[in-house]
Structures are given as structure tokens and as C-alpha cells.
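Data block below; observations after.
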Amino acid sequence: FGESGNDYLVVMRGSDIHAVGTSSAPIIMTGRQDILGEADIVNTRGLWGGLVILGQAPINKCSFTNAGTATTAGTRIDPCEKEVEGSAGDTMGGEISNDSSGALKYVRVQYAGYEVFPGNELNGITFGGVGNGTVVDFIQVHNNQDDCVEFFGGTVDVKHLICTGAGDDNLDIDWGYQGRMQYVLVQQSNGVGDHVVESDNTNADAAVAYLTEPRSNPIVANFTFLSSGKDEIFKLKEGVSGQYYNGVAVVKDGSTNCIETTFAETAQDGAITPHFSMNSVAMQCNGFIKTDGLATVAQIESIVREGANNLYGVNSGGGSYVNTLSGPVNGSVETAATVTVIPSGYNADGFFDTTDYIGAVKGATDTWYKNWTLSGTIDVQ
Numbered sequence: 001f002g003e004s005g006n007d008y009l010v011v012m013r014g015s016d017i018h019a020v021g022t023s024s025a026p027i028i029m030t031g032r033q034d035i036l037g038e039a040d041i042v043n044t045r046g047l048w049g050g051l052v053i054l055g056q057a058p059i060n061k062c063s064f065t066n067a068g069t070a071t072t073a074g075t076r077i078d079p080c081e082k083e084v085e086g087s088a089g090d091t092m093g094g095e096i097s098n099d100s101s102g103a104l105k106y107v108r109v110q111y112a113g114y115e116v117f118p119g120n121e122l123n124g125i126t127f128g129g130v131g132n133g134t135v136v137d138f139i140q141v142h143n144n145q146d147d148c149v150e151f152f153g154g155t156v157d158v159k160h161l162i163c164t165g166a167g168d169d170n171l172d173i174d175w176g177y178q179g180r181m182q183y184v185l186v187q188q189s190n191g192v193g194d195h196v197v198e199s200d201n202t203n204a205d206a207a208v209a210y211l212t213e214p215r216s217n218p219i220v221a222n223f224t225f226l227s228s229g230k231d232e233i234f235k236l237k238e239g240v241s242g243q244y245y246n247g248v249a250v251v252k253d254g255s256t257n258c259i260e261t262t263f264a265e266t267a268q269d270g271a272i273t274p275h276f277s278m279n280s281v282a283m284q285c286n287g288f289i290k291t292d293g294l295a296t297v298a299q300i301e302s303i304v305r306e307g308a309n310n311l312y313g314v315n316s317g318g319g320s321y322v323n324t325l326s327g328p329v330n331g332s333v334e335t336a337a338t339v340t341v342i343p344s345g346y347n348a349d350g351f352f353d354t355t356d357y358i359g360a361v362k363g364a365t366d367t368w369y370k371n372w373t374l375s376g377t378i379d380v381q
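Count the sequence shown with the working numbering and you get residues 1 to 381, in order.
Pasting the structure below:
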């Protein structure tokens, strides 16, 4: 446990962490006050720093020898390495896509996100240039002050990820992350949290953001996002890519839209392969798309609506989707939704399980999220 706010655990490049619990005995990383019984599962945050894992997989936040032009990226200096957010002096990145930083399995990170210096809070788990040789499975981050998890580049794959009560974003994608995720459950607390997904390519020092490579392209399948409605579910920036399959995204309250976009480059994403797409995703919000005016609604709709088997409904009524969820558990409408098969190019190694349902939780008999998670943090009606 962390004794105080400034305590956090860093796994350096070239080092490993082996934190492997079980469903009946998960490994718990938390703050001292929690051990003493002084934590409140609703309101307590920021008791300690969090977990930072740094690897040697590619990132795109580099230094450049020239600024490039309006349509061409500059020339970067390799190897591409960078200091990680919130952990001064610690470096991430490299050229080893299959780099291993060890294993996390059945791990809970609770009440982290302390402001280590002004304006810079740690995420529950920070993955900085972490490679896909790392095993990450059955993870819950609860009540982090900042993001639940943030991926600064890298290729690490994640299964069975739960984010509850995060104070900022839940899945923060940056700097060329190209990993895969399956079974992702996000539940925001009422009136707390920003976007469920904030996805960037890079705010590169000297390059055209949407052309900077490797380009952020997370592949996410079987997700259930339960938004508090404080901010849009998806925020897409800097021409980011991303492929989302077989998911459910619902705004519980509030007046927010499903998708927000910023930067004209986000619209230019449509001219690049692969570009952002959704297939077999059911969304129910108070509106569909919000933009900053630099990318038009029509431009973004033309990209998002290319996908197959999507459902969309408005909380005030109308559209093709009215959710029948019971907490995170699928109801009749979700069960009947058409599933999209994940392209073989994303699953050559068999990482993705074949499923016949959308969402993270198939039904009442699907209990992967129970027993090892923090009691009282997942709303099952």
C-alpha cells in the first residue's frame, strides 16, 4: 500500500512486474487509509500515486529534425523515447513491439491518482510504451483521481478491464497506442468523470498529428460503457484511428452526446487506412456528434456511419436503440443485436475470443466481473 500521496510504483524499462492473483485472492494496491478502513468507495480518491509501467515498445511522441508541412510529417529522431507523464525522469519507448514488462492478473488498483506535482496527477495504471509480451488480464481500477488507465503508445493487449468511479477519463489513448482490448466495463459515478474514451494520436512537437506514426489505433471488442453524462462518451482528437466492435455505450444522465471531435485533422482521418470505425455498437445518448467546428458533423458522421450493424438511440426517444441493460448486464435488445466478426488481421494470434453477443457481460450467468472486484462498486440492479 501507499503510505502517502507521493508514493507510487514504477516498473522501469527492461524490468518486470509479476503481480498474479486469483479470482478468490486478488492483489490489491491501495492507500494506507483504505487499509485502516477510512476509505469511502464513493468519494475517496487520490490517497496515493498509482502504478506506472514503462516498456520498450514504439511510441510516436518524438523529437523531429524539421517541422514538416501542412500535409507531410517532419523527420523524427530515433530511437523515439520520452519521459512519462507524472513520473519525472522516467523514460519510455523503443523499438521492441513484443517487449514484456511481466504480468498483471487479478489486480485491483484503488483510490490512487495523487497530484504528484501541480497540475500533474497519476493515472490508476499508466502504460508507457509497454509491449504485447506483457500479460494484462482481470484488472479493476476504482476511484482514481485522474484517468483509470492511460496508454502512451505501445502495443500491450488487455482483457477483462474494469474502470469504476474515475475522476477524469477512463481509457486515455495517446502517442500511437496499437494494442487490443476485449471485455472492457466502464461505470462512471454520478456527476464524476470526463470522457469514457479520450483518444489522441499525438500533439507532436514538429509533425502533422494525424500523419505521425505509429498511429493510435486501439482495437476494442465487447465493451460496455456506462457514462454519467458529464462529458461525451468518445472524444476523438488529432486524426486518431481506432476500431470498436460489439459494444454498448450509454449515457445514463446528463445532456451529452455520444461522440465529440476536435481538430480538423480528425476529419482527415477518413482519408487514411485504417480510419476510425464502429461495427455492431449500440449507443444511446442525448445526441450523436459534437464538434469544435474545425471538423464538421457531416464529415465525422461519414466516417462513423460506415460501419455495419450499429444501433443508435436518443434518450428523449427515437432512433433504433433503447437499452435494456440491468447495470452492465445485457437485456433482450442487446442479446438480439447482430454481432460483427473481428477481422482476421487483428486476430492472427487468437487474442480475441469469438463471441455471439455485444457488450462486456453477456447475461446473468456471465460472472467474470464478480467476486474479485471491490464489493459495491459495480451497479447490478
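Ideal Cβ placement from N, Cα and C applies to all residues, glycine included.
- Under the DSSP assignment, ALA249 falls in the beta strand (DSSP E) whose first and last residues are 243-251.
- Here LYS370 is exposed. Its C-beta has fewer than 16 other C-beta atoms within 10 Å.
- Per DSSP, the beta bridge partners of LEU104 are ALA19, VAL136.
- Listed in chain order, the beta strand (DSSP E) runs fully inside the stretch 299-338 are 311-314, counting runs of at least 3 residues.
- If you draw a straight line from the Cα of THR367 to the Cα of VAL107, it comes to about 17 Å.
- Between the stretch 297-304 and the stretch 326-346, the count of C-beta pairs closer than 8 Å stays below three; the two stretches do not touch.
- THR261 and GLY128 have their C-alpha atoms roughly 24 Å apart.
- Shown here, ARG32 sits in a helix according to DSSP, grouped into three states.
- Boundaries of the beta strand (DSSP E) around GLU260: 259-261.
- Counting along the chain, HIS275 sits inside no beta strand (DSSP E), nor does DSSP assign it H or E at all.
- Straight-line measurement puts the Cα of SER199 at about 20 Å from the Cα of ASN310.
- Contact check for VAL250 against PHE225 passes: the beta carbons are separated by less than 8 Å.
- Annotation for ASP172: the continuous beta strand (DSSP E) segment containing it runs 171-174.
- Distance from the CA of THR373 to the CA of ALA360, rounded to the nearest whole angstrom, comes to 15 Å.
- Annotation for MET12: no beta strand (DSSP E) segment contains it, and DSSP assigns it neither H nor E.
- Each residue's CA atom was taken as its position, placing VAL248 and MET283 some 6 Å apart.
- In the DSSP assignment, the residues bridged to ASN279 are TYR245.
- In this structure, GLY229 is the residue among GLY239, TYR244, GLY229 with its C-alpha nearest to the C-alpha of CYS285.
- Cβ-Cβ distances below 7 Å link LYS252 to LEU226, SER227, SER228, GLY229 in the same chain, with the five nearest sequence neighbours on each side left out; the list follows chain order.
- In the displayed model, SER227 falls within a strand according to three-state DSSP.
- Assignment of VAL361 by DSSP, reduced to helix, strand and coil, places it in the strand class.
- The criterion of a C-beta distance shorter than 8 Å is not satisfied by GLY21 and LYS159.
- For GLY128, the enclosing beta strand (DSSP E) begins and ends at 125-128.
- Separation of ASN98 and LYS237 (C-alpha to C-alpha, rounded to the nearest whole angstrom) is 27 Å.
- By alpha-carbon distance to TYR114, the top candidate from THR377, SER101, GLY167 is GLY167.
- Shown here, LEU122 sits in coil according to DSSP, grouped into three states, outside any helix or strand.
- By the neighbour-count definition (other C-beta atoms within 10 Å, threshold 16), ALA57 is a buried residue.
- Contact check for THR164 against GLN178 fails: the beta carbons are separated by 8 Å or more.
- The stretch 342-349 makes no contact with the stretch 315-324; the number of CB pairs closer than 8 Å stays below 3.
- It is roughly 12 Å from the alpha-carbon of ASP146 to the alpha-carbon of TRP48.
- When only Cα atoms are considered, ILE378 and LEU185 end up about 9 Å apart.
- Cβ neighbours of LEU161 within its own chain (closer than 6 Å, five residues either side excluded): ILE139, VAL184.
- Per DSSP, the unbroken beta strand (DSSP E) holding PHE152 starts and ends at 149-152.
- It is roughly 17 Å from the alpha-carbon of ASP292 to the alpha-carbon of ASN201.
- Contact annotation: GLY55 and MET92 have beta-carbon atoms nearer than 8 Å.
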